[in-house]
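Counted the way the working numbering counts, the sequence shown spans residues 2 to 259. All C-beta atoms in this analysis are idealised placements derived from N, C-alpha and C, irrespective of residue type, glycine included.
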Amino acid sequence: MSTELLLKEYLHKLKLPAVARHYKSLARTAAENNRTYEEYLCALLEQEVLSREESALKNRIRRANFPYFKTLEEFDFTALPSLSKPKVLTLSRGEYIKAKENVIFLGNSGTGKTHLAIALALCACRQGCRVRFYTAPGLVTELLAAAREHKLLSLEKQWLKQDLVVVDELGYVPYTTEGAQLLFRFLAGRYERGSVLITSNLEFSEWVQVFGDERMTAALLDRLTHHAHILVMNGESYRFRQSLRRRQEEGLVSSASA
(Lines of atoms letter the chains of each structure in order from A and count residues from 1; the text may use other names and numbers.)
(Lines give C-alpha, C1' and ligand atoms only; values in the text may rest on other atoms or scores of the structure.)
Protein backbone atom coordinates (compact mmCIF):
# COMPACT_ATOMS: atom_id res chain seq x y z
CA MET A 1 0.00 0.00 0.00
CA SER A 2 1.31 3.46 -0.89
CA THR A 3 2.34 5.95 1.79
CA GLU A 4 -0.55 8.25 0.87
CA LEU A 5 -3.13 5.49 1.26
CA LEU A 6 -1.60 4.40 4.56
CA LEU A 7 -1.74 7.98 5.81
CA LYS A 8 -5.41 8.30 4.87
CA GLU A 9 -6.21 5.01 6.61
CA TYR A 10 -4.34 5.94 9.79
CA LEU A 11 -5.86 9.42 9.94
CA HIS A 12 -9.31 7.96 9.44
CA LYS A 13 -8.78 5.43 12.26
CA LEU A 14 -7.37 8.10 14.55
CA LYS A 15 -10.23 10.46 13.63
CA LEU A 16 -8.05 13.38 12.55
CA PRO A 17 -10.02 14.90 9.65
CA ALA A 18 -8.36 18.34 9.80
CA VAL A 19 -4.90 16.75 9.62
CA ALA A 20 -6.11 14.75 6.62
CA ARG A 21 -7.29 17.95 4.92
CA HIS A 22 -4.18 20.01 5.56
CA TYR A 23 -1.13 17.74 5.75
CA LYS A 24 -0.23 18.09 2.04
CA SER A 25 -0.54 21.88 1.80
CA LEU A 26 1.25 22.43 5.11
CA ALA A 27 4.02 20.03 4.02
CA ARG A 28 4.60 22.15 0.91
CA THR A 29 4.64 25.34 2.98
CA ALA A 30 7.08 23.80 5.46
CA ALA A 31 9.42 22.68 2.67
CA GLU A 32 9.32 26.08 0.96
CA ASN A 33 10.14 27.87 4.22
CA ASN A 34 12.68 25.37 5.57
CA ARG A 35 10.54 24.61 8.64
CA THR A 36 11.64 21.90 11.03
CA TYR A 37 9.67 18.67 11.45
CA GLU A 38 8.52 19.90 14.85
CA GLU A 39 7.22 23.19 13.37
CA TYR A 40 5.39 21.30 10.65
CA LEU A 41 3.85 18.92 13.18
CA CYS A 42 2.83 21.80 15.43
CA ALA A 43 1.15 23.67 12.53
CA LEU A 44 -0.66 20.49 11.50
CA LEU A 45 -1.96 19.73 15.00
CA GLU A 46 -3.02 23.35 15.41
CA GLN A 47 -5.43 22.89 12.49
CA GLU A 48 -6.92 19.84 14.18
CA VAL A 49 -7.34 21.69 17.48
CA LEU A 50 -8.97 24.70 15.78
CA SER A 51 -11.29 22.43 13.83
CA ARG A 52 -12.38 20.57 16.96
CA GLU A 53 -12.92 23.79 18.89
CA GLU A 54 -15.09 25.14 16.08
CA SER A 55 -17.08 21.91 15.93
CA ALA A 56 -17.54 21.89 19.72
CA LEU A 57 -18.78 25.50 19.66
CA LYS A 58 -21.32 24.69 16.95
CA ASN A 59 -22.57 21.75 18.99
CA ARG A 60 -22.89 23.85 22.15
CA ILE A 61 -24.86 26.51 20.27
CA ARG A 62 -27.10 23.87 18.66
CA ARG A 63 -27.81 22.19 22.00
CA ALA A 64 -28.60 25.54 23.63
CA ASN A 65 -31.74 25.66 21.48
CA PHE A 66 -31.80 29.42 20.89
CA PRO A 67 -34.91 30.72 19.10
CA TYR A 68 -32.65 33.06 17.07
CA PHE A 69 -29.27 34.74 17.44
CA LYS A 70 -28.51 38.15 18.89
CA THR A 71 -25.18 39.75 19.80
CA LEU A 72 -24.13 42.51 22.18
CA GLU A 73 -22.80 44.48 19.20
CA GLU A 74 -26.35 44.67 17.82
CA PHE A 75 -27.86 46.03 21.04
CA ASP A 76 -28.65 49.76 21.17
CA PHE A 77 -27.51 50.80 24.65
CA THR A 78 -28.30 54.45 23.88
CA ALA A 79 -32.02 53.60 23.90
CA LEU A 80 -31.78 52.63 27.60
CA PRO A 81 -29.52 55.19 29.30
CA SER A 82 -30.33 53.74 32.73
CA LEU A 83 -28.86 50.36 31.75
CA SER A 84 -25.16 50.07 32.59
CA LYS A 85 -23.30 49.01 29.45
CA PRO A 86 -20.06 48.35 31.42
CA LYS A 87 -22.02 46.03 33.70
CA VAL A 88 -23.41 44.06 30.76
CA LEU A 89 -19.96 43.84 29.14
CA THR A 90 -18.53 42.59 32.43
CA LEU A 91 -21.22 39.89 32.53
CA SER A 92 -20.28 38.89 28.98
CA ARG A 93 -16.93 37.66 30.32
CA GLY A 94 -18.79 34.89 32.16
CA GLU A 95 -17.30 35.18 35.65
CA TYR A 96 -20.80 34.98 37.13
CA ILE A 97 -21.17 31.49 35.66
CA LYS A 98 -17.97 30.28 37.32
CA ALA A 99 -19.26 31.72 40.60
CA LYS A 100 -22.70 30.08 40.05
CA GLU A 101 -24.42 33.47 40.26
CA ASN A 102 -27.65 34.49 38.56
CA VAL A 103 -28.61 37.31 36.20
CA ILE A 104 -32.11 38.77 36.21
CA PHE A 105 -33.40 41.27 33.64
CA LEU A 106 -36.57 43.06 34.74
CA GLY A 107 -38.54 45.52 32.62
CA ASN A 108 -41.50 46.18 30.41
CA SER A 109 -42.01 44.45 27.08
CA GLY A 110 -39.90 45.30 24.07
CA THR A 111 -36.87 46.76 25.86
CA GLY A 112 -34.40 44.08 24.73
CA LYS A 113 -34.35 41.66 27.66
CA THR A 114 -34.45 38.58 25.42
CA HIS A 115 -31.85 40.13 23.10
CA LEU A 116 -29.39 40.54 25.97
CA ALA A 117 -30.22 37.10 27.41
CA ILE A 118 -29.40 35.42 24.10
CA ALA A 119 -26.30 37.57 23.57
CA LEU A 120 -24.89 36.72 27.02
CA ALA A 121 -25.76 33.04 26.55
CA LEU A 122 -23.92 33.01 23.21
CA CYS A 123 -20.90 34.52 24.93
CA ALA A 124 -21.10 31.68 27.44
CA CYS A 125 -21.17 29.12 24.61
CA ARG A 126 -18.03 30.67 23.13
CA GLN A 127 -16.35 30.38 26.53
CA GLY A 128 -16.99 26.64 26.59
CA CYS A 129 -20.06 26.64 28.84
CA ARG A 130 -23.00 24.28 28.47
CA VAL A 131 -26.10 26.41 27.94
CA ARG A 132 -29.82 25.73 27.60
CA PHE A 133 -32.43 28.29 26.57
CA TYR A 134 -36.10 27.96 27.55
CA THR A 135 -39.10 30.20 27.44
CA ALA A 136 -40.83 29.97 30.82
CA PRO A 137 -44.08 28.60 29.29
CA GLY A 138 -42.10 26.07 27.24
CA LEU A 139 -40.16 24.97 30.31
CA VAL A 140 -43.34 24.50 32.34
CA THR A 141 -44.86 22.44 29.53
CA GLU A 142 -41.75 20.25 29.43
CA LEU A 143 -41.78 19.83 33.22
CA LEU A 144 -45.46 18.85 33.25
CA ALA A 145 -44.87 16.29 30.49
CA ALA A 146 -41.88 14.86 32.38
CA ALA A 147 -43.98 14.61 35.55
CA ARG A 148 -46.73 12.71 33.72
CA GLU A 149 -44.15 10.30 32.27
CA HIS A 150 -42.29 9.92 35.60
CA LYS A 151 -39.11 11.39 34.07
CA LEU A 152 -38.58 14.38 36.36
CA LEU A 153 -35.44 12.95 37.97
CA SER A 154 -33.92 12.30 34.56
CA LEU A 155 -34.75 15.84 33.44
CA GLU A 156 -33.37 17.25 36.69
CA LYS A 157 -30.02 15.54 36.05
CA GLN A 158 -29.95 17.04 32.56
CA TRP A 159 -30.57 20.61 33.67
CA LEU A 160 -28.02 20.35 36.50
CA LYS A 161 -25.37 19.49 33.90
CA GLN A 162 -25.89 22.88 32.28
CA ASP A 163 -23.57 25.70 33.35
CA LEU A 164 -26.19 28.30 32.42
CA VAL A 165 -29.94 27.97 32.01
CA VAL A 166 -31.88 30.85 30.45
CA VAL A 167 -35.55 31.18 31.41
CA ASP A 168 -37.11 33.82 29.19
CA GLU A 169 -40.48 35.59 29.56
CA LEU A 170 -41.21 34.65 33.16
CA GLY A 171 -44.48 36.28 34.13
CA TYR A 172 -46.16 36.66 30.76
CA VAL A 173 -48.69 33.95 31.57
CA PRO A 174 -49.84 32.45 34.91
CA TYR A 175 -49.40 28.72 35.54
CA THR A 176 -51.44 26.00 37.12
CA THR A 177 -50.60 25.08 40.70
CA GLU A 178 -48.69 22.00 39.53
CA GLY A 179 -46.85 23.98 36.84
CA ALA A 180 -45.86 26.68 39.33
CA GLN A 181 -44.61 24.11 41.83
CA LEU A 182 -42.53 22.34 39.18
CA LEU A 183 -41.03 25.64 38.01
CA PHE A 184 -40.19 26.47 41.62
CA ARG A 185 -38.49 23.10 41.99
CA PHE A 186 -36.52 23.67 38.77
CA LEU A 187 -35.28 27.15 39.70
CA ALA A 188 -34.70 26.47 43.39
CA GLY A 189 -32.84 23.26 42.53
CA ARG A 190 -30.09 25.24 40.79
CA TYR A 191 -29.39 27.37 43.85
CA GLU A 192 -25.59 27.53 44.27
CA ARG A 193 -25.30 24.62 41.82
CA GLY A 194 -25.55 26.46 38.50
CA SER A 195 -26.37 29.86 37.03
CA VAL A 196 -29.81 30.97 35.88
CA LEU A 197 -30.51 33.92 33.62
CA ILE A 198 -34.11 35.10 33.87
CA THR A 199 -36.05 37.76 31.99
CA SER A 200 -39.35 39.02 33.35
CA ASN A 201 -41.81 41.82 32.66
CA LEU A 202 -42.89 41.78 36.32
CA GLU A 203 -41.38 43.43 39.35
CA PHE A 204 -40.43 41.01 42.12
CA SER A 205 -43.46 42.11 44.15
CA GLU A 206 -45.67 40.83 41.31
CA TRP A 207 -44.11 37.36 40.95
CA VAL A 208 -46.77 35.91 43.23
CA GLN A 209 -49.08 36.29 40.22
CA VAL A 210 -46.97 33.65 38.46
CA PHE A 211 -46.49 31.19 41.32
CA GLY A 212 -49.80 31.78 43.09
CA ASP A 213 -48.38 31.29 46.57
CA GLU A 214 -46.72 34.00 48.65
CA ARG A 215 -44.50 31.69 50.70
CA MET A 216 -43.26 29.77 47.68
CA THR A 217 -42.60 33.02 45.79
CA ALA A 218 -40.70 34.50 48.75
CA ALA A 219 -38.62 31.33 49.13
CA LEU A 220 -37.74 31.33 45.44
CA LEU A 221 -36.82 35.01 45.35
CA ASP A 222 -34.65 34.50 48.42
CA ARG A 223 -32.64 31.87 46.54
CA LEU A 224 -32.57 33.59 43.14
CA THR A 225 -31.49 36.99 44.42
CA HIS A 226 -28.96 35.78 47.00
CA HIS A 227 -26.16 35.70 44.43
CA ALA A 228 -27.62 37.74 41.58
CA HIS A 229 -26.94 40.58 39.19
CA ILE A 230 -30.25 42.41 38.77
CA LEU A 231 -30.64 44.82 35.86
CA VAL A 232 -33.78 46.90 35.38
CA MET A 233 -34.67 47.63 31.75
CA ASN A 234 -37.64 49.96 31.76
CA GLY A 235 -38.11 52.25 28.79
CA GLU A 236 -39.91 52.69 25.52
CA SER A 237 -40.45 49.49 23.58
CA TYR A 238 -37.72 48.90 20.99
CA ARG A 239 -40.26 47.20 18.72
CA PHE A 240 -42.58 50.19 19.10
CA ARG A 241 -39.76 52.57 18.15
CA GLN A 242 -38.92 50.46 15.11
CA SER A 243 -42.57 50.38 14.02
CA LEU A 244 -42.91 54.15 14.52
CA ARG A 245 -39.71 54.81 12.56
CA ARG A 246 -40.90 52.55 9.74
CA ARG A 247 -44.24 54.34 9.54
CA GLN A 248 -42.49 57.70 9.49
CA GLU A 249 -40.20 56.54 6.68
CA GLU A 250 -43.15 55.20 4.72
CA GLY A 251 -44.90 58.51 5.26
CA LEU A 252 -41.91 60.39 3.91
CA VAL A 253 -41.77 58.11 0.88
CA SER A 254 -45.50 58.64 0.23
CA SER A 255 -45.12 62.41 0.55
CA ALA A 256 -42.15 62.42 -1.83
CA SER A 257 -44.06 60.32 -4.35
CA ALA A 258 -46.98 62.72 -4.22
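By the criterion of a C-beta distance shorter than 7 Å, histidine 13 is surrounded by no residue of its chain, once the five residues flanking it on both sides are discounted. Serine 196: not part of any alpha helix (DSSP H); member of the beta strand (DSSP E) spanning 196–201, first to last residue. Taking all protein chains in view, the Cβ of valine 174 is surrounded by fewer than 16 other Cβ atoms within 10 Å, so the residue is classified as exposed.
Rounded to whole angstroms, the gap between the alpha carbons of arginine 61 and leucine 51 is 15 Å.
Threonine 136: not part of any alpha helix (DSSP H); member of the beta strand (DSSP E) spanning 132–136, first to last residue. Of the candidates Leu84, Glu193 and Cys43, Leu84 places its Cα closest to the Cα of leucine 232.
C-alpha of glutamate 102 to C-alpha of leucine 156: approximately 22 Å in a straight line.
For leucine 222, the CB contacts under 7 Å within the same chain, skipping 5 residues up- and downstream, are Phe205 and Trp208 in chain order. Going by beta carbons, alanine 181 and valine 211 fall inside the 8 Å limit. Of the candidates Val166, Ser196, Thr218 and Thr79, Thr218 places its Cα closest to the Cα of leucine 203.
Comparing alpha-carbon positions, the option among Leu121, Leu58 and Glu179 lying closest to leucine 140 turns out to be Glu179.
Every beta strand (DSSP E) stretch that sits fully inside the segment 24–112 and reaches 3 residues is listed by chain position as 103–107. For the 8 Å CB-CB criterion, glycine 108 and lysine 99 do not form a contact. The continuous beta strand (DSSP E) containing glutamate 170 extends over residues 165–171.
Secondary structure of valine 174 (DSSP, three-state): coil. The three-state reading of DSSP puts leucine 17 in coil, since its state is none of H, G, I, E or B.
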